[in-house]
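Comments concern the structure below.
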Amino acid sequence: MADGTNGHGQVQRDIDTTTPHSARIWNYWLGGKDNYEADREAGDEFLAIYPGQRDKARACRHFLLRTVRYLVIEQKVRQFLDIGTGLPTANNTHEVAQRDAPESRIVYVDNDPLVLAHARALLTSTPEGITNYIDADLHDPESIMAEAGKTLDFSQPIALLLIGVLGHIQDYDEARSIVSRLLGALPAGSYLVQCDGDDTSPAYVAALERYRDSGGVPYNVRSREQIRGFYQGLELVEPGVVPIQHWRPEPNIFGEPPAVAEFGGVGRKS
1 MADGTNGHGQ VQRDIDTTTP HSARIWNYWL GGKDNYEADR EAGDEFLAIY
51 PGQRDKARAC RHFLLRTVRY LVIEQKVRQF LDIGTGLPTA NNTHEVAQRD
101 APESRIVYVD NDPLVLAHAR ALLTSTPEGI TNYIDADLHD PESIMAEAGK
151 TLDFSQPIAL LLIGVLGHIQ DYDEARSIVS RLLGALPAGS YLVQCDGDDT
201 SPAYVAALER YRDSGGVPYN VRSREQIRGF YQGLELVEPG VVPIQHWRPE
251 PNIFGEPPAV AEFGGVGRKS
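The numbers in my numbering rise by one with no breaks, and the one at position 98 of the sequence shown is 98.
Right, dumping it as structure tokens:
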């Protein structure tokens, strides 16, 4: 666009292809093509230390699929706020939700310029539903909610998705505050869907330390008790906050899913 916007009134920023970025590295781990040499190099270095990271990336995607489908089918949730969207891939939130409930409304939030450049791929929707994309920062939950209110009906339940993003908030108290402020703006009957890397795998922790030295935005692992703390005051959906491969697993031809250092669950706001 000649005016420097992406066609949705949001400013298009330059993309730094020389510094690895987590969204593009995850795209690489998931087999996508929206990444650069710096991302692939960082991704390969990570895998050399923690080979299970590709399994972890897939497990997070499957966790997203199962939780969204549960909320749509069993809880009749029709609105989703997906913060830290990442790059479009298979089974994006709107695709999963609208597959079973075409009238679903989805708002995506991210602040990576490459995600912004690909926002149109996220803005596809059924005729009955709506998708929108907000270029915003997780550190500013009030702005996120103000913009989301232009698409979502805050008098009806909303599912807040924070999939693998709170680790980018270094200070735990700040992360707790952000979650609390986001949930505080949502009506009763809304849900938190969240997962993040935990500190149970020394190899995973070591790989993150190496990634920190690469110039990318650091990701901070937390204890499982800290991750449970994000759900304070919420009614947990069974089986609670658990390793994500154990959250309502589904039968598959590959047998038991591999263990991954990722912890999360679903909680309901009363």
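C-beta: ideal position from N, C-alpha, C; glycine also.
For residue i versus residue j, is the C-beta spacing smaller than 8 Å?
i: Gly319; j: Gly240; result: With the chain covering only 1 through 270, there is no way to say anything about residue 319.
i: Val72; j: Ala42; result: no
i: Gly189; j: Pro157; result: yes
i: Arg228; j: Tyr70; result: no
i: Ala23; j: Leu161; result: no
i: Pro187; j: Ser143; result: no
i: Arg222; j: Tyr172; result: yes
i: Asp44; j: Val260; result: no
i: Leu87; j: Asn27; result: yes
Tell me the DSSP secondary structure of residue i in three-state form.
i: Gly167; result: helix
i: Phe154; result: coil
i: Phe63; result: helix
i: Gly229; result: helix
i: Thr273; result: Limits of the chain in this structure are 1 at one end and 270 at the other, which puts residue 273 out of reach.
i: Asn6; result: Unreliable placement is indicated for Asn6, whose pLDDT of 40 sits below 50; no coordinate value is reported for it.
i: Leu183; result: helix
i: Val49; result: First, the amino acid is wrong: residue 49 is Ile here, not Val. Residue state, collapsed to three classes: helix.
Figure out for me which residue from the options has the closest Cα to the Cα of residue i.
i: Leu234; options: Pro88, Thr89, Leu183; result: Leu183
i: Leu64; options: Glu262, Gln232, Ser270; result: Glu262
i: Ala59; options: Val205, Ser223, Cys195; result: Cys195
i: Ala57; options: Ser223, Arg268, Pro257; result: Pro257
i: Ala206; options: Arg66, Asn252, Ala48, Gly164; result: Ala48
i: Phe230; options: Tyr219, Ile15, Arg181; result: Arg181
i: Gln170; options: Asn35, Tyr50, Asn220; result: Asn220
i: Gly164; options: Val107, Ile83, Gly129; result: Ile83
i: Lys269; options: Gln98, Pro218, Val193; result: Val193
Over the uninterrupted alpha helix (DSSP H) stretch that includes residue i, give me the two end residues.
i: Leu208; result: 202–212
i: Tyr28; result: 22–29
Just curious, the beta strand (DSSP E) that residue i is in, first and last residue?
i: Asp110; result: 105–110
> How do the segment 140–152 and the segment 111–123 stand: do at least 3 beta-carbon pairs fall below 8 Å, yes or no?
Replying inline: no
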